[in-house]
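Letter 1 of the sequence shown, counting from 1, is numbered 27 in my numbering, and no numbers are missing.
For glycine and all other residues, C-beta sits at the position ideal for the given N, C-alpha and C.
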Amino acid sequence: MLARAVVVIAFVGALATALLHTCALLARARVHHVAATAVAASFDAALASAQAGLAANIAAGGDPRGVGFVPPTPAPACASPGSEGACALTISVAFAATTVQGVATSGGGDCVPQCARDLQGNDAVDEGRFALRIEARADGPTGTVFASRDRYAIFRTMRVAPYASLIGTRDVGGESIAVDSSEGDDAGTPALTTIDVRYVNAATGAKMEGNAWQTRSWSSSDASGTAWEP
């Protein structure tokens, strides 16, 4: 009987331990899920905020070909309040402008280190490029990072509305490609996404083309990569 009781007690103890481990794993999985969801939402909000701030900067007189702009850092936010006022998950966002040289020098077929092709050089547009790094992360109360998103973004910039248009984003760890390759920055084929300029005579309605297509060099400090997403 004693041996049987010992076996039963051992079994119950093992079962209790397994249940505790399972509950701990489920709780941690839930924290990771909440953290990942909050970080994704924070990154999207930060990207939209950066674009709006960049557009406002240019609309206020900033040069679209040499924008010296860094979005203000948002205050950390609590994504999952804990007991007694403690925060179980704190979301923070960091911005870093990675444009080293704006689109300000003449380029050609041998742009170094990067080329922006099919730029609209008309004085009313002065199309340029702006690169930005955005990092969003979720930290626990002890400093544990439960989720993070770290990506580069590139924008087309111009003197006319919308002033800043997102080209794409990619993970900071994306694979590199050869120097002198476009970093996801081409406007596209002239018939589709380039900026087309036309002068219209207000009296007669006659139209005249005002395009000034250019290929110019520019430089950002992030490594070129292929994993761009629109």
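As computed with DSSP, Val226 is found in a beta bridge with Lys233.
Looking at the DSSP output, Asp176 sits in a beta bridge with Glu161.
For the pair Leu73 and Asp165, the Cα-to-Cα distance works out to about 20 Å.
The residue from Arg196, Arg182, Arg159 with its alpha-carbon nearest to that of Val119 is Arg159.
In this structure, the straight-line span from the alpha carbon of Val60 to that of Ala112 is close to 16 Å.
Secondary structure note for Asp144: its beta strand (DSSP E) is the uninterrupted segment 140-146. Per the coordinates, the alpha-carbon of Ser243 lies some 31 Å from the alpha-carbon of Val226. Beyond the five residues adjoining it in sequence on each side, Gln240 comes within less than 7 Å, by CB distance, of Leu145, Gly147 in the same chain, given in chain order. Nearest C-alpha to Ala162 among Val151, Val198, Arg182: Val198.
The residue from Gly92, Asp149, Val96, Ser75 with its alpha-carbon nearest to that of Val129 is Gly92.
Between Tyr178 and Thr124, the CB-CB gap stays under 8 Å. In the structure shown, Val198 falls within a coil segment according to DSSP collapsed to helix, strand and coil.
In the displayed model, Ala187 falls within coil according to three-state DSSP, outside both helix and strand.
For Ser118, the uninterrupted beta strand (DSSP E) run begins and ends at 113-123, by DSSP. At a Cβ-Cβ threshold of 8 Å, Pro97 and Asp152 do not count as neighbours.
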